[in-house]
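See structure below.
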DNA sequence: ACTATTCCTACCAAATTAATATGATATAAA
DNA sequence: TTTATATCATATTAATTTGGTAGGAATAGT
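Chains as they are written, first to last, in the numbering used here: chain A, 1 to 136; chain B, 1 to 136.
This is the structure we're talking about:
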């Protein structure tokens, strides 16, 4: 299961995409419209900014807007930033690979083979962008 | 990510399948061969027995063997027993459905649509049986 | 009786999740 | 210049989940 953080992050990006008219949108507005706890949302927005997905404008009339082109922001990318690995077991993850301590031979591991397959099916779907998502 | 419990459970079933000759196999043997902490494994075995995947034989020379035909035990089923939902968000789960409190309209939710798609791609792979898995 | 085993309940420590609290800093508008 | 509106940063917290461990009762083959 994904965390609420990820879900809130994706909802936030979709909201920004659907409501952007050049002016930044404040955390308060996003929070109210998407029913995301305000302070929790602030943390998420900070993480998205630090990872160069969004940029922020401080002070009155401030808020958040895209830094990266929403056409190039994928769901997979957001999951990786906020939650971590896409793969269901660590030994098949590209970005967060970890060896299983209990594994004697990774290459012949049947479980690994299955989860490589699974990851390969999942990735094309999660590589859809925010703009793709809006069109669904 | 799946829990270690699930991974241990699948490994256990594979081990039983590959080493079954009619006689039950003890938790100790499984634990040593698959490097699964003994007491932790006991818990997992109990869960598999309670869910009618395995049956147990008590006393000396006792152990575990299949109750359900390994041909009909799927990875998805094991995940559901041990971890819970397959779907990555609760509102698209068949067996563990939960409404998102922050959601205003589930039918039009773009995120939901994406994760329905994802689940639909994942299921055929996870519906493979223990015997399928052994053949990989 | 002895030994090997399952069975059962409870406990525990560390990590993760989902926030909340407090306050500093920046900026536009009054 | 004050005020209201914002972001920014760090720390704290409560609840849940994860990955075990402990101790012992019950069962059965030798």
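All C-beta atoms, glycine included, are put in the ideal place defined by N, C-alpha and C. From a predicted model like this one, the values you see are computed outputs, not experimental measurements.
Cβ neighbours of residue i in the same chain (closer than 8 Å, five flanking residues each side left out)
i, result
"residue 8 of chain B", "34, 36, 40, 41, 44"
"residue 89 of chain A", "100, 111, 112, 115"
"residue 38 of chain A", "27, 28, 31"
Rounded straight-line distance, which links the Cα of residue j to that of residue i
i, j, result
"residue 131 of chain B", "residue 125 of chain B", "13 Å"
"residue 2 of chain B", "residue 120 of chain B", "18 Å"
"residue 136 of chain A", "residue 24 of chain A", "25 Å"
"residue 11 of chain B", "residue 118 of chain B", "25 Å"
"residue 85 of chain A", "residue 57 of chain B", "40 Å"
"residue 134 of chain A", "residue 28 of chain B", "53 Å"
"residue 103 of chain B", "residue 64 of chain B", "45 Å"
"residue 19 of chain B", "residue 66 of chain B", "12 Å"
"residue 83 of chain A", "residue 62 of chain B", "43 Å"
"residue 106 of chain B", "residue 128 of chain B", "30 Å"
"residue 21 of chain A", "residue 47 of chain A", "23 Å"
"residue 113 of chain B", "residue 91 of chain B", "10 Å"
"residue 81 of chain B", "residue 54 of chain A", "40 Å"
"residue 70 of chain A", "residue 52 of chain A", "12 Å"
"residue 26 of chain B", "residue 49 of chain B", "13 Å"
"residue 17 of chain B", "residue 74 of chain A", "41 Å"
"residue 78 of chain A", "residue 5 of chain A", "10 Å"
Close-in-space but distant-in-sequence residues of the same chain around residue i (CB under 7 Å, 5 per side omitted)
i, result
"residue 15 of chain A", "30, 33, 34"
"residue 109 of chain A", "103"
"residue 76 of chain B", "86, 123, 126, 127"
"residue 68 of chain B", "52, 53"
"residue 72 of chain A", "129"
Boundaries (first-last residue) of the beta strand (DSSP E) holding residue i
i, result
"residue 55 of chain B", "54 to 57"
"residue 97 of chain B", "Neither: residue 97 of chain B is in no beta strand (DSSP E) and is coded neither H nor E."
Continuous alpha helix (DSSP H) stretch holding residue i: start and end
i, result
"residue 65 of chain A", "Residue 65 of chain A -> not in any alpha helix (DSSP H); beta strand (DSSP E) instead, spanning 63 to 66."
"residue 104 of chain B", "No alpha helix (DSSP H) holds residue 104 of chain B; DSSP gives it neither H nor E."
"residue 6 of chain A", "4 to 19"
"residue 135 of chain B", "130 to 135"
"residue 88 of chain A", "Premise fails: residue 88 of chain A is in no alpha helix (DSSP H) and is neither H nor E."
"residue 29 of chain B", "27 to 34"
"residue 122 of chain B", "110 to 126"
"residue 77 of chain B", "75 to 82"
"residue 47 of chain A", "38 to 50"
Spatial neighbours of residue i in its chain, beta-carbon cut-off 6 Å, leaving aside the 5 residues before and after
i, result
"residue 13 of chain A", "130"
"residue 87 of chain A", "93, 119"
Residue i beta carbon near the ligand SAM (any heavy atom closer than 8 Å)
i, result
"residue 6 of chain A", "With respect to the ligand SAM, the structure offers nothing, as it holds no ligand at all."
Flag this pair as touching only if the segment 56 to 70 of chain A and the segment 94 to 113 of chain A have three or more C-beta atom pairs under 8 Å; answer yes or no. no
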